[in-house]
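Q: Be aware that the sequence shown starts at 1, since it is given in full-length UniProt numbering, and climbs by one per residue.
Backbone N, C-alpha and C define an ideal beta-carbon position, used for all residues, glycine too.
Computed from a predicted structure; not experimentally measured.
Quick one: the structure is below, and I'll ask about it shortly.
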Amino acid sequence: MPKKSSQAKEPMAVRTRFAPSPSGFLHIGSARTALFNYLFAKNNNGTFILRIEDTNEATSKKEYEQNIIESLNWLGILWDEGPIAPAQTKNLKLKIKNYTGNYGSYCQSERSDIYKKYLEQLLSEDKIYHCFCSEDELEAQRQYQASIGESPRYSGKCARLNKKEIQNKLSHKEKSILRFRVPAKIIKFKDLIRGEIEFDVKQIGDFSVAKDIHTPLYNFAVAIDDFEMKISHVIRGEDLISSTPRQILIQEALGLPIPQYAHLPLIL
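Following this line, the structure appears as structure tokens:
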């Protein structure tokens, strides 16, 4: 568990979050992550937030959402802000009106208007772009890169389309996703557990941020919510460490503050 932070000259209020995806029942690793976030917030006179990351409609289920909420309540890991007040978990109706806190809704599926605003900003600034490549094309790229020993990443084909070509494809209803235009740079951040970490983001390539203007993907929704909910510390498992440079890139592109990160070793 990270130590009490003392880096900032004028420390912002400590706000942590446990942000599970309701794609399965709460397991011991996730419960530990929730506990560390809860204890860190309480030790720093801060606020502990529960956020449900349910943007993936294919895997998110209400029964898992209810299990997560009721399990945390049973464990005594009680949130200060979240999709429903802890005392109401036995009568669960996850509607916007039920959330507790000032930054809701706390379910990502109910926050599409917020994400749309930021996607439109990045589109207008040419920091994200429409990608029209089919799944077959992308799979062929991945197979070729694997055959020559390279890590899979997007080729950048659609990044070179001009405005006229893009509008023509959109007018013909060609299916597209939105990709982030990754700059050539090194991302460095201080992990409160692991110390200095750096990523050469050219190895990532232009990554997808949304299925369309109304449907963000994981990294985009997380980066926006961490800002909108004023999260100061992101404490999560090391399996998500590769997501951090993507989220930092999004935050930097929008001029948002970068939270402090701490990546916990996994339970084997």
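Closer than 7 Å: is that where the CB of Ser60 sits relative to any heavy atom of the ligand GTP?
A: Looking at this structure, you won't find the ligand GTP or any other ligand, since it has none at all.
Q: Going by the CB atoms, is the gap between Ala34 and Leu72 shorter than 8 Å?
A: Yes; because the gap between Cβ atoms is below 8 Å, this pair is in contact.
Q: Mapping DSSP to helix, strand and coil, what is Ser208?
A: The answer is strand: DSSP assigns Ser208 an E or B state.
Q: Are the CB atoms of Asn44 and residue 280 within a distance shorter than 8 Å?
A: In this structure the chain extends from 1 to 268, so residue 280 is not present and cannot be described.
Q: Sort Pro22, Ile193 and Lys127 by Cα distance to Ser208 and report the nearest one.
A: Answer by Cα proximity: Lys127.
Q: Apply the 10 Å Cβ neighbour rule to Asp226 and answer buried if 16 or more other Cβ atoms are within range, or exposed otherwise.
A: Classification for Asp226: buried.
Q: Mapping DSSP to helix, strand and coil, what is Pro216?
A: Three-state DSSP puts Pro216 in a strand.
Q: Could you check the C-alpha separation between Ser124 and Phe189 for me, to the nearest Å?
A: Cα-Cα distance, rounded: 28 Å.
Q: For residue 314 versus Ala13, is the C-beta spacing smaller than 8 Å?
A: Nothing about residue 314 can be read from this structure; the chain reaches only from 1 to 268.
Q: Thinking C-beta only, is Thr47 closer than 8 Å to Glu81?
A: Contact: yes.
Q: Excluding the 5 residues flanking Ser105 on each side, which residues of the same chain have their C-beta closer than 8 Å to its C-beta?
A: If we look at Ser105 and ignore the five residues flanking it on each side, its Cβ neighbours are Pro83, Ile96, Tyr99 and Arg111.
Q: Can you give, in chain order, each stretch of the alpha helix (DSSP H) that sits fully within the stretch 65-147 and has at least 4 residues?
A: You should have 112-124 and 135-147.
Q: Beta strand (DSSP E) containing Tyr38: first to last residue?
A: Note, Tyr38: premise wrong, no beta strand (DSSP E); alpha helix (DSSP H) at Ile28 to Asn43.
Q: Let me make sure I understand the geometry here. Which of Pro22, Ser23 and His27 has the alpha-carbon closest to that of Ile267?
A: Residue His27 is the option with its Cα nearest to Ile267.
Q: DSSP beta-bridge partners for Arg179?
A: For Arg179, which the question treats as bridged, DSSP gives the partners Tyr129 and Ser208.
Q: Helix, strand or coil for Lys61? Go by DSSP, reduced to three states.
A: In this structure, Lys61 counts as coil in the three-state DSSP scheme.
Q: How about Lys211 and Ala184: do their beta carbons lie closer than 8 Å?
A: Going by C-beta atoms, Lys211 is not nearer than 8 Å to Ala184.
Q: Closest to Ile52 by C-alpha separation, out of Arg32, Glu63, Thr59 and Pro22, would be which residue?
A: Ranking the options by Cα distance to Ile52, first place goes to Pro22.
Q: Closest by CA to Thr59, which one among Ser30, Arg194, Lys42 and Pro20?
A: Per the Cα distances, Pro20.
Q: Can you check whether the CB of Gln260 is closer than 8 Å to the CB of Ala223?
A: No, Cβ-Cβ distance for Ala223 and Gln260 is not below 8 Å.
Q: Note down the Cα distance separating His263 from Trp74, rounded to an integer number of angstroms.
A: Each residue's alpha carbon lies about 25 Å from the other.
Q: Take Leu138 and list the residues in its own chain whose beta-carbon comes closer than 8 Å to its own, dropping the five residues that flank it on each side.
A: Closer than 8 Å at the Cβ level, and outside the excluded window around Leu138, lie Tyr154.
Q: Taking the continuous alpha helix (DSSP H) assigned at Lys164, which residues delimit it?
A: Unbroken alpha helix (DSSP H) run through Lys164: Lys163 to Ser171.
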